[in-house]
DNA sequence: TAATCGAAGGCGAACGTTCGCCCGAACGTT
DNA sequence: AACGTTCGGGCGAACGTTCGCCTTCGATTA
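Below, the structure is given as structure tokens:
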């Protein structure tokens, strides 16, 4: 543990009062160029860094942003956590903030955990992810008027700053792409009903089908938790339907389901791509190295992170970000799993 | 922003001095059961939480542990980040600490960033990951006697607390497994020479081959950055060697290389598993859903995280953890990519 | 010449804790 | 009756900043 260097040490060496040193560091108050130079010299020689805790106490601010996320089961993993955290941490640092992680509490305790962190002055604000309808955290933070920005939407009637990726547009693009490939009977591997994100993405599928004047057989839509197995068994089942109502392609709400779907089609003797189209969502690492490589949607994670941070900092400074709600489009990455003829594969 | 409740508010309501409230909260000093009950009641009614910044200033401690990691390229992803962070955050919380992330600085600036964080009192200690030989961060932290624990080894002559996974034993197990499957000519997809982790894992390969009395043709060992492409091209090349010195299996130092290797073998018309054995390292999410599923090594991430935290907290309290260096074995997960007959597949 | 003004920098206070010391009362001991 | 001990709890100080106000002094203005 290195000896602490304080303002007083710097002041003593520069021959001024310690408050003057503070003025120089914070750039307010007027100080002559000569003394300022003296002070900077002393700071440099002593290797002084302002004590963030003391500053925090005085300004009642911590420079910390709280974040937590729902851990994925180990066999699935979070495809974008690395990128997302990297982006958020970088963006935060550019504004002088750091990211503080805390454990993802069970739903019942969530409110307490957030309350605790707010009341103890642990963080200046939150990024709230894995949002859902009636999200109690969002309700709490709105009510307490505590700075936060959500990554994801919640109840439409609640008015709070958020950034989200347009899952609806994404799945619509994927579905339209499958239609453009000549598919007419397209199935959907969806998430459980109660999922806000799932509802949004699902909507894109219906929009695309509807706009193209295609019928959706209710049997073509399966809602389940995301897993390889769920995707696999659903497609197995669909492939046993009578030919006239058997899907020739499937849009999945995430890559894991899509991979299960691909495997089921292959096991059924179909060539994924030419015979049976599959699309995913997320562009998880490794999806481009599957055989065939997976068509999927890539989220603009870095932009999301940057918007989250700039908006949150506005909130921390007591302002309301403008615009308050930002929806960013994902990008369709066309690979082999969804195209009938090789030459159409881009990227 | 909710109005701050302080010790004084609690004290006023309980009819005692605010220092007495502090005593109750921290459980030192003697207070009669009745007053204590009064005080707890007041705390509860007011929803008081101790202000961590003020406490931190007084005790010169932050309850924060600094962590950063080298971001992976988006097409690869960090296979264990989610699990690792979750485990570390949970373990830290169990001891009253939180994890603070900061950006991974370029090598040249690393020392400055760590210095800055130390001197500004930002964190109480560090977890240092992505270690390497002559790691300047470790050097600095040792010299400054600042609390830290490394996840990974560095120079053997440096004496500092660390936790690591036994990559040598891991790859040795994988290689021995391939030998047990009847392979004699086994190649190695290794990392660049300068990698500390790579050297460790590579050693395991040589040990296994040597113990089994098998010759290692220098042409069978390729050092390269981890990528699908690197694994792919290396195996393509090996499969063009004359039959008498052509490898029939390959051990890879990570899953990405292994996946490239699998694909190359399949593209060459071989059946991965029966004809050509492949093993990876990390048990990345999704490897069990590849076809064939990938034999790999799983790191005991949760134990690593827990040891890291308990050891670091010892250091923060000024003690040296005992034992100072902990090496944990990975577990070999045998799947289809390395076994010749189906019935041998476990798990 | 006197009043005014701005620049430079000192000074006290406060942010919300924890810590050590002190004091008074109650009790038991010689 | 005088004395030590223990318990309960009060009090001042300090942790290292920032902030607003004040003083000094030389220069400008009327």
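Protein chains in written order, with my numbering: chain A, 28 to 374; chain B, 28 to 374. The C-beta atom is built at its ideal place from N, Cα and C for all residues, glycine as well. This structure is a prediction, so every number in the text was calculated from the model and none was measured.
Residue i burial status per 10 Å Cβ neighbour count (16 or more: buried)
i                      : result
residue 296 of chain A : exposed
residue 374 of chain A : With a pLDDT of 42 at residue 374 of chain A, under the threshold of 50, the modelled position of that residue is not reliable, and the figure given next carries that caveat. Exposed, since its Cβ has fewer than 16 Cβ neighbours within 10 Å.
residue 338 of chain B : buried
residue 299 of chain A : buried
residue 347 of chain A : exposed
residue 368 of chain A : exposed
residue 242 of chain B : exposed
residue 144 of chain A : buried
residue 46 of chain B  : exposed
residue 60 of chain A  : exposed
residue 134 of chain B : exposed
residue 272 of chain A : exposed
residue 313 of chain B : buried
residue 220 of chain B : exposed
Top-ranked residue by Cα proximity to residue i, from the options
i                      : options                    : result
residue 171 of chain A : A/274, A/279, A/139        : A/139
residue 268 of chain B : B/247, B/281, B/258        : B/247
residue 72 of chain A  : A/87, A/49, A/36           : A/36
residue 128 of chain B : A/95, A/144, A/41          : A/95
residue 294 of chain B : A/280, A/310, A/316        : A/316
residue 110 of chain B : A/105, A/114, A/42, A/305  : A/105
residue 181 of chain A : A/285, A/156, A/134, A/332 : A/156
residue 68 of chain A  : A/222, A/136, A/41         : A/41
residue 177 of chain A : A/44, A/184, A/188, A/119  : A/188
residue 319 of chain B : B/288, B/183, B/77         : B/288
residue 305 of chain B : B/150, B/312, B/75, B/279  : B/279
residue 250 of chain A : A/263, A/240, A/235, A/229 : A/229
residue 97 of chain A  : A/154, A/148, A/64         : A/154
residue 169 of chain A : A/363, A/149, A/194, A/141 : A/141
residue 32 of chain A  : A/214, A/79, A/62, A/56    : A/79
residue 302 of chain A : A/311, A/312, A/291        : A/291
residue 150 of chain A : A/201, A/343, A/332        : A/343
residue 218 of chain B : B/197, B/252, B/239        : B/252
residue 276 of chain A : A/326, A/364, A/356        : A/364
residue 352 of chain A : A/307, A/201, A/175, A/232 : A/175
Chain B contact for residue i (CB, 7 Å cutoff)
i                      : result
residue 286 of chain A : yes
residue 53 of chain A  : no
residue 125 of chain A : yes
residue 352 of chain A : no
residue 229 of chain A : no
residue 305 of chain A : no
residue 117 of chain A : yes
residue 327 of chain A : no
residue 175 of chain A : no
residue 313 of chain A : yes
Residue i at chain A interface by Cβ criterion, 7 Å
i                      : result
residue 374 of chain B : Confidence at residue 374 of chain B is low in this model, with a pLDDT of 42, below 50, so its placement is unreliable and the value that follows should be read with caution. Judged by the 7 Å Cβ criterion, residue 374 of chain B is not in contact with chain A.
residue 147 of chain B : yes
residue 302 of chain B : no
residue 170 of chain B : no
residue 143 of chain B : yes
residue 362 of chain B : no
Contact set between residue i and chain B, taken where Cβ atoms lie within less than 9 Å
i                      : result
residue 178 of chain A : Those do not exist, as residue 178 of chain A stays about 16 Å from chain B at its closest Cβ, beyond 9 Å.
residue 110 of chain A : 98, 99, 101, 104
Partners in chain A for residue i, counting only beta-carbon separations shorter than 7 Å
i                      : result
residue 89 of chain B  : 80
residue 26 of chain B  : Residue 26 of chain B cannot be examined here, being either before or after the span of chain B that is shown, 28 to 374.
residue 240 of chain B : Those do not exist, as residue 240 of chain B stays about 36 Å from chain A at its closest Cβ, beyond 7 Å.
Per-residue contacts from residue i into chain B (C-beta, under 7 Å)
i                      : result
residue 318 of chain A : 290
residue 84 of chain A  : 80, 81, 84
residue 113 of chain A : 98
residue 209 of chain A : Ordered by position in chain B, no residue passes the 7 Å Cβ test against residue 209 of chain A, which lies about 27 Å from the chain.
Cross-chain neighbours of residue i in chain A, by beta carbon under 8 Å
i                      : result
residue 120 of chain B : 129, 130
residue 182 of chain B : Ordered by position in chain A, no residue passes the 8 Å Cβ test against residue 182 of chain B, which lies about 22 Å from the chain.
Within chain B, the residues that residue i reaches when beta carbons sit closer than 8 Å
i                      : result
residue 225 of chain A : Under the 8 Å cutoff, chain B gives no residues; its nearest Cβ is about 20 Å from residue 225 of chain A.
Per-residue contacts from residue i into chain A (C-beta, under 9 Å)
i                      : result
residue 255 of chain B : 313, 315, 316
Whole runs of the alpha helix (DSSP H) within the region 138-210 of chain B, excluding any shorter than 4 residues: The region 138-210 of chain B contains these whole alpha helix (DSSP H) runs: 163-171, 194-207.
Quick check on the DSSP output: what are the complete beta strand (DSSP E) runs of length 3 or more inside the region 229-263 of chain A, in order along the chain? You should have 248-250.
Taking the runs of the alpha helix (DSSP H) that are 4 residues or longer, which of them lie wholly in the region 289-371 of chain B? Complete alpha helix (DSSP H) runs here, min 4: 328-343.
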